[in-house]
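A.B. asks: Below: one structure in structure tokens.
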Amino acid sequence: MGSLIVYFSRKHQNYVNGVIRDLKVGNTETAAQMIQALTKADLFQIEPIQEYSKDYNECIAQAQADQRRDARPELKRYPEEMEKYDTIYLGYPNYWSTMPMAVFTFLEHYDLTGKRICPFCTHEGSGMGSSEADIRKSCPGAVVEKGLAIHGGSVGRAEPEIKKWLDFLRKKEDI
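In this text, residue positions in the sequence shown follow the UniProt record's numbering: the first is 1, and each later residue adds one.
As structure tokens, this is what we get:
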């Protein structure tokens, strides 16, 4: 069976190392591309129909409002043939101590029983937050591995950290 990298990422204005910067490629997408280069897994981007604002402050207000009302935003599309994947690398930025609500929409769309979910997130100091526990709640039949938290401002230099995490996951799979 195969592996799939599923990620939500946001370009445009982002908070990076204490300042707001305009990014052409979101931090989580950068990490997902590194994982793809190292694993050759298929790649899929989660895209809500209603995108968040390009303005950072508006975006975080929208994300917090979505979380408060436990929203499940509609997505533009879903991957076909999920049954051919046994491992899912799940990437997202840490929004208010968990995943963006569009990631919940994706997870709850499928029965991921028996799948191995390997979460990774980008953040500016809050790590994985409660996201690993939230994935376990959303996917009770899946095996949720220890996630990798990548500092967003350092994502361009994160390949050694990502390699180490992938090696850890490979060794665990062989046990």
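Heads up, the beta-carbon is just placed ideally off N, CA and C, and yes, glycines get one too.
Within the continuous beta strand (DSSP E) that includes T87, where are the two ends?
C.D. replies: For the purposes of this step, residue 87 is taken as the residue at position 87 of the sequence shown. Taken as a continuous stretch (DSSP letters only), the beta strand (DSSP E) holding T87 covers Y85 to P93.
A.B. asks: Would the segment 114–132 count as touching the segment 60–73 if we require 3 or more Cβ pairs under 8 Å?
C.D. replies: no
A.B. asks: Look up I49 in the DSSP assignment and give the residues it is bridged to.
C.D. replies: Position 49 of the sequence shown holds residue 49. For I49, which the question treats as bridged, DSSP gives no partner whatsoever.
A.B. asks: State the DSSP-derived secondary structure class of S130, mapped to helix, strand or coil.
C.D. replies: Against the sequence shown, residue 130 aligns to sequence position 130. Three-state DSSP puts S130 in coil, outside helix and strand.
A.B. asks: Could you work out which residue in Y95, M82 and D55 is closest to R21 when comparing CA atoms only?
C.D. replies: The count along the sequence shown starts at 1 and reaches residue 21 at position 21. Considering only alpha carbons, the answer is D55.
A.B. asks: Kindly indicate the opening and closing residues of the beta strand (DSSP E) around residue 201.
C.D. replies: Look at the range of the chain in this structure, 1 to 175, and you will see that residue 201 is not part of it.
A.B. asks: So, under 8 Å CB-CB, S130 and L107 are touching, yes? Tell me the CB distance rounded to an integer number of Å.
C.D. replies: If you number the sequence shown from 1, residue 130 lands on position 130. If you number the sequence shown from 1, residue 107 lands on position 107. The Cβ separation is near 14 Å, so there is no contact.
A.B. asks: Roughly how many whole angstroms lie between the Cα atoms of S97 and E173?
C.D. replies: Within the sequence shown, the letter at position 97 stands for residue 97. Within the sequence shown, the letter at position 173 stands for residue 173. Looking at the two C-alpha atoms, the distance is approximately 28 Å.
A.B. asks: Let me know if K24 comes out buried or exposed under the rule of 16 or more other beta-carbons within 10 Å of its beta-carbon.
C.D. replies: Locating residue 24 in the sequence shown gives position 24, counting from the first residue. With fewer than 16 other Cβ atoms within 10 Å, it is exposed.
A.B. asks: Is the Cβ-Cβ distance between T28 and Y7 less than 8 Å?
C.D. replies: Locating residue 28 in the sequence shown gives position 28, counting from the first residue. Locating residue 7 in the sequence shown gives position 7, counting from the first residue. Yes, the pair counts as a contact, with Cβ atoms nearer than the cut-off.
A.B. asks: Roughly how many angstroms lie between the CA atoms of D70 and P100, to the nearest whole one?
C.D. replies: Residue 70 sits at position 70 when you count from the first residue of the sequence shown. Residue 100 sits at position 100 when you count from the first residue of the sequence shown. Their Cα atoms are separated by approximately 10 Å.
A.B. asks: To which residues of the same chain is K146 closer than 8 Å at the C-beta, ignoring the five residues directly before and after it?
C.D. replies: Residue mapping note: residue 146 aligns to position 146 of the sequence shown, counting from 1. For K146, where only same-chain residues beyond five positions count, the Cβ hits under 8 Å are E132 and F168.
A.B. asks: Give the range of the alpha helix (DSSP H) segment to which R170 is assigned.
C.D. replies: One-based indexing of the sequence shown puts residue 170 at position 170. From DSSP, the alpha helix (DSSP H) with R170 extends over E159 to D174.
A.B. asks: What does DSSP give as the partner residue(s) for I5 in the beta ladder?
C.D. replies: Here the question's residue 5 lines up with position 5 in the sequence shown. Per DSSP, L43 and Y89.
A.B. asks: Please classify I150: is it buried, with 16 or more other beta-carbons within 10 angstroms of its beta-carbon, or exposed?
C.D. replies: Counting from one through the sequence shown, the residue named residue 150 turns up at place 150. Around the beta carbon of I150, 16 or more other beta carbons sit within 10 angstroms, so the residue counts as buried.
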